[in-house]
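Note that numbering that gives the first Met the number 0 has the sequence shown beginning at 0, numbered continuously upward.
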Amino acid sequence: MMDTLKTPSEFHMRENTKSFLEIINVETGERKTLATFDYVIEAPNWTRDDKLIYNSGGLIYSFDIHTLENRVIDSGFANFCNNDHVLSPDESHLAVSHHTIEDRQSRIYIFPLEGGNPTLITPMAPSYLHGWSPDGKTLAYCAERNGQYDIYTIPATGGEEKQLTDTPGLDDGPEYSPDGKHIWFNSTRSGLMQVWRMNADGSEQTQMTFEESNNWFPHVSPDGDSVAYIAYQKGDVEPGDHPPNKNVELRLMPSLGGESRLLVKLFGGQGTINVNSWSPDSKYFAFVSYELT
């Protein structure tokens, strides 16, 4: 989730920031910087043909891991996209959260990954995209309705939204497991922000992390075995906030539950792993770290 924009210029508020597009081997911990940018980029998705899809300045870009070349993807009028973008299961389309020009509120749109005109999916706002079901039929997102942020689903072709959570506090970051049976998310309902899991219909909501940190954006590996997430230090941020420019950790836990382990420490936060950035073979994870200049 990203705060509602007031003006287009707010995309450039994080000035004097250098971004490092990195990958890490989840077994060995070896980090590799693929590219450095003298401005903010965020949230890489990893495609099956080794492209990293990221956002910057409201636009969506494709970065080729092998040639190190990047290009902007034509997203039509959707030129105020935030860091909530998700690939369709067949990777033919991209769903994004775009802040509409009329009211600066985030709504979900879909357009071809090769570029094209966006189609509105969620007329109601704000809606912050996070997940696309493996069968391609459903989107999962965080939305504020009547003053409360909860998790909703909606048909990928549009239609009536369905509310899955209804507890005090913030529920955010819903993402499907590869088998489509579960939705992973993060919630402040226990006090600190922790990782939770529920059935895809919203039943059996179960806490999965019990750590003295604020844990955001659980991403399940393609093989279904592991879950990566970002952890803020307790007391460094409010449980319901995920700002940039913090010392954070990327952690890994078994998808069946159990103790997590440290993957990497870095300077980042907002924009580092807002979306699933696992490699297709589940061996690597892409992320963005930052440096203030």
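Positions of the beta carbon are idealized from the N, C-alpha and C atoms, including for glycine.
- request: Determine the direct distance from the alpha carbon of Phe76 to that of Pro111, and round the result to whole angstroms.
  value: Position 112 of the sequence shown, counting from 1, holds the residue named residue 111. Position 77 of the sequence shown, counting from 1, holds the residue named residue 76. The alpha-carbon atoms of Pro111 and Phe76 are separated by roughly 13 Å.
- prompt: Sorted by chain position, which residues of the same chain lie with C-beta nearer than 7 Å to Arg13's C-beta, five sequence neighbours on each side aside?
  reply: As a first step, residue 13 is located in the sequence shown; it is residue number 14 there, counting from the start. Taken in chain order, the residues that qualify are Val39 and Pro243.
Reduced DSSP category for Lys136 - H, G, I as helix; E, B as strand; rest coil: Within the sequence shown, numbered from 1, the residue matching residue 136 stands at position 137. Note: Lys136 maps to coil in three-state DSSP.
query: If you drop the 5 nearest sequence neighbours on each side, which residues of the same chain put their C-beta closer than 6 Å to that of Ala142?
result: Numbered from 1 along the sequence shown, position 143 holds the residue referred to as residue 142. For Ala142, where only same-chain residues beyond five positions count, the Cβ hits under 6 Å are Ser126 and Tyr151.
- request: Give the range of the beta strand (DSSP E) segment to which Leu249 is assigned.
  value: For the purposes of this step, residue 249 is taken as the residue at position 250 of the sequence shown. Its beta strand (DSSP E) spans residues Lys245 to Pro253.
message: Residues in the same chain with beta-carbon distance under 6 Å from Arg106, minus the five sequence neighbours each way, listed in chain order, please.
response: Counted from its first residue, the sequence shown places residue 106 at position 107. Correct list, in chain order: Thr99, Thr121, Ala124 and Ser126.
- request: Any chance you could list the beta strand (DSSP E) runs of at least 3 consecutive residues sitting entirely within the region 24-90, in chain order?
  value: As for any beta strand (DSSP E) of minimum length 3 sitting wholly inside the region 24-90, the runs are 30-36, 41-45, 50-55, 58-63, 69-72 and 80-86, ordered along the chain.
- prompt: Roughly how many angstroms separate the alpha carbons of Gln147 and Trp131, rounded to a whole number?
  reply: Position 148 of the sequence shown, counting from 1, holds the residue named residue 147. Position 132 of the sequence shown, counting from 1, holds the residue named residue 131. Using only the alpha carbons, I get a separation of about 22 Å.
query: beta strand (DSSP E) containing Glu290: first to last residue?
result: Counting from one through the sequence shown, the residue named residue 290 turns up at place 291. Unbroken beta strand (DSSP E) run through Glu290: Tyr283 to Leu291.
message: Going by C-alpha to C-alpha distance, which of Lys31, Glu113, Leu128 and Thr156 sits closest to Asp134?
response: As a first step, residue 134 must be located in the sequence shown, where it is residue number 135. The shortest Cα separation from Asp134 among Lys31, Glu113, Leu128 and Thr156 belongs to Thr156.
task: Please name the residue, chosen from Asp200, Ser202, Phe209 and His181, that lies closest to Val194 on a Cα-to-Cα basis.
output: What you label residue 194 is simply residue 195 of the sequence shown in a count that begins at 1. Out of Asp200, Ser202, Phe209 and His181, Phe209 has the C-alpha closest to the C-alpha of Val194.
- request: Tell me whether Met123 sits in a helix, a strand or coil according to DSSP, three-state version.
  value: For this step, residue 123 is matched to residue 124 along the sequence shown. Under the three-state reduction of DSSP output, Met123 falls in the coil class, being neither helix nor strand.
message: My output table needs one value for Thr16: the three-state DSSP class, helix, strand or coil.
response: Position 17 of the sequence shown, counting from 1, holds the residue named residue 16. Taken through DSSP and simplified to helix, strand or coil, Thr16 comes out as strand.
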